[in-house]
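Comments concern the structure below.
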Amino acid sequence: MMVMNSGSLKAATLTLGVLLSFTAYSSGSSSARSSETASDILSSTDAETTLVLHGDAKYGQPGTTFTHFDYVNPDAPKGGSVRMAASGTFDSLNPYTNKGTPVTGIGLVYDTLMTQSRDEPFSLYPLIAESAEKAADNSSITFNLNPRARFHDGKAITANDVKYTFELLTQKGHPFYRSYYSDVESVTALSDSRVRFNFKHSNNPELPFILSELPVLPKHHWELEENDFSSASLKPPLGSGPYQVMNVDGGRSITYHRVKDYWAQDLPVNVGRYNFDEISYDYYRDEHVALQALKAGEYDLRYENVAKNWATAYDVPAVHRGDLILATIPTRNPAPIQGFAFNLRRDSFQDPLVRRAIGYALDFEWLNRNLFHNSYMRSRSYFGNSGMEASGIPEGEELKLLQPWRSQLPEKLFTEPYTLPVTDGSGNIRPQLQKALTLLKSAGWSLNKNKLVSSQGQPLKIELLIAQPSLERVALPFKKNLEQMGIELNIRTVDLSQYINRIRDFDYDMIVVGYGQSASPGNEQTGFWGSKAADTKGSRNYMGIQSPVVDAMIDNVINAGSREELTTAVKALDRVLLWGEYLIPQWYYPYDRIAHSSRLLRPETDPLYSTDIYTWWIDNTTSPKNAVKVKDAPDSSASSPQSNIPWHYSGLILLGLIPLWMYRRRKNG
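As structure tokens, this is what we get:
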């Protein structure tokens, strides 16, 4: 399933054990109804998968009382307004289609069937659905809707709305949804409050949990002729979530207003959350301008993803006075993979030797020392910091998964650990360039008058497409090193709308990509690296990977029946992707760096998996209990760039990224 950190991506195979206690959430249900629901679940699900899929649910176990998440302040006061910054522009309030650029924060308008907690990786808890029944043979899942669930116009949320939403997303929504829900055979509304999803097969243990995070859209709203779901629109949508759209200034700003009679405000999953009466996002096309606006007090909170800024740009009076707080918040999220991605749809990049050679031009050690204040760590896995990253050489069960494909894989994959080039950080990378030229020669390229040419005499020219000028400082040293190899790199900076259109059409040579992962990878891997997605415009298979080996490894991930099997399958997929040389891994930073107004307070306990700013509140008088303004954390003055998805990649995120808010249900777009 899918998750996203404060600005990032996916969820995971989650625990259904909590279904036994879902009835604790429904204050409007009778005890007879509660007992019946629990009994139904027991009779329709396998006991083991009901109680534990990948571990135990932290909250809501049978015999316990779940009142709120541990990382919230249940007594946090409601009220006040908060302003935040967003990058670029927007022209749509519909995050579910492939049209336009969706606005930040629109996920606040919508609720899903169930929702995750942020201090455990594998559990889902009731929201619109108060309970669920998973078939013992994993052939279906049935959701029982909370009778109190309402859209903002007061109409009840029904099973027909759920069915309609699924059909709408898969028929008219972003191409992502057709792939993500492809194992669903049919959806049946059994009654007004009961809906069943039937599966094509029982080999996808993650599918029930994927469907649990389905947003529910109002059928009566989108069936109206004036509401065209397939188009980009600035018309405020009807939802059922904690906020409504109040004001929209197209491309410039948006303000959300807290729903005073929000139907789910007293559910345990929402206690202590959504405390601001108003949440506004102001858009800035230039990062420097946005930073100066924060210092001037024009908005209240900024995720700082540029190392140089964090180290040098906040030595200002507002910080010295204590009006502006600098917080470094650890996160245990799997490290995202970020890098220069090759478009394999281009003939020049067909040979993995060429791609590997170009990777030698990225001098991470020099960049980290001179640009990033030694704060980044090199990305060495597509699933870093997850316990599922490939290491050493394949052995045991992982080797068994790879062995049938040995003839289609590099032999070194079986005999050597995958490594990235390492320099001394001085800027002199002559040894690395020599290795690169050796690889290029093996691939049929040669130097002719200091230009790298193919056997047909064609020079190797590459266009790196970016949307943020701030990326140029990273790309220029890369360009300089490529020139020493005889390769011409043209850095092309375009506006965000043009960038998004070109990305959707796969019209680029190289781009910078970022993939967030969850603690339990699954179906979304098909959209990232699957062969079918390579030909689907708007998909996230930016590299154009079409490999039967990768497809087989993805199938192993999706069909894994236990945590051990999943870990083994992900390691095999990771290893195949790394040796495929599809991108040049860059770097990551395992913290959220947040500069915020001192009037914003947050709970004493931070979530383990990503910061949740919707648990924060306004300090109107003195600090309430359970509050902190500054949290002890590692010194980040010598630390740097982006947490999981950086400011200057936010344009990239908007790309496809439509279901972005689902990835971690951050509800911030």
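Just so we're aligned: the sequence shown equals residues -26 to -1, 1 to 643 in mature numbering (1 follows the signal peptide of the UniProt record, and there is no 0). C-beta: ideal position from N, C-alpha, C; glycine also.
Cut-off 6 Å between Cβ atoms - residues of its own chain near residue i, not counting five sequence neighbours on either side
i	result
T366	One detail in the question is off: residue 366 reads as Gly in this sequence, not Thr. Once the five neighbours on either side are set aside, the close Cβ partners of G366 are P391.
A534	L540 and A543
Y236	P216
I228	V77, V222 and Y255
Y155	T144
L582	D93 and R306
A607	Residue placement at A607 is flagged as unreliable, the pLDDT there being 37, under the threshold of 50; the coordinate-derived value follows with that caveat. Closer than 6 Å at Cβ, skipping near neighbours: T302.
P182	K108 and I115
D111	S176
E462	K435
H42	P48, P242, V245 and G246
A50	G246, N249 and W591
Identified DSSP bridge partners for residue i
i	result
T162	R170
E252	S55 and H231
K435	E462
P570	According to the sequence as given, residue 570 is His; it is not Pro. According to DSSP, H570 bridges with L275 and I299.
Q90	L98
A106	F117
W561	R352
V219	Y230
G313	V487 and P559
P291	For P291, which the question treats as bridged, DSSP gives no partner whatsoever.
P189	T86
V427	S420 and P433
L575	W591
8 Å Cβ shell around residue i - same chain, five flanking residues per side excluded
i	result
N172	S113, S114, V158, E159, S160, V161 and T162
R168	T116, F117, N118, L119 and A133
L268	A59, R276, L298 and A569
Y230	G79, L82, V83, Y217, Q218, V219, M220, E252, I253 and S254
S18	The predicted position of S18 is uncertain, since its pLDDT is 41 and thus under 50; a value taken from the coordinates is nonetheless stated next. Only E107, K108, A109, A110 and T116 meet the Cβ criterion.
R380	F388
Residues near residue i by beta carbon distance below 7 Å, same chain, minus five either side
i	result
S165	A133
I131	I102, L119, A123, R124, F125, V190 and S214
T596	Annotation note: pLDDT 41 at T596 (below 50); position unreliable, coordinate value reported separately. Same-chain partners within the cutoff: there are none.
residue 656	Only positions -26 to 643 of the chain appear in the structure, and residue 656 is not among them; the question remains open.
S360	P308, Q491 and A493
residue 654	This structure does not reach residue 654, given that the chain is present from -26 up to 643, and the question cannot be answered.
T579	D44 and Y45
E371	T542
W503	N515, I519, V524, I528 and L551
R447	L345
Sub-8 Å separation of residue i and residue j beta-carbons
i	j	result
Y70	H148	yes
D525	I303	no
V293	E339	no
P577	F357	no
M517	L557	yes
S505	G296	no
W561	R343	no
F203	A281	no
R476	L439	yes
G224	I592	no
L265	N283	yes
P384	W553	yes
P451	D274	no
P368	R549	yes
R319	F480	yes
Reference residue i, options the options, closest by Cα
i	options	result
I465	S444, S471, M459 and I474	S444
A441	S322, R57, F357 and G62	G62
A301	D593, I587 and P95	I587
Q377	L547, P405, R478 and P48	L547
L411	D135, S492 and G460	G460
D529	E180, S429, Y45 and S355	E180
I474	D289, A449 and F64	F64
A31	S416, E94 and L336	E94
G313	P564, P559 and R57	P559
Y350	S381, R259 and I311	I311
S205	K193, P451 and G74	G74
S322	L426, L373, L407 and V290	L426
N424	Q458, S355 and V233	Q458
Residue i: CB within 7 Å of a non-hydrogen atom of the ligand ADP
i	result
I532	For the ligand ADP, the structure offers nothing, since it holds no ligand at all.
Complete alpha helix (DSSP H) runs within the stretch 341 to 390 (minimum length 4 residues, chain order): 370 to 376 and 386 to 389
Along the chain, which unbroken stretches of the alpha helix (DSSP H) at least 4 residues long are found entirely within the stretch 454 to 538? 470 to 478, 498 to 503, 505 to 508 and 522 to 532
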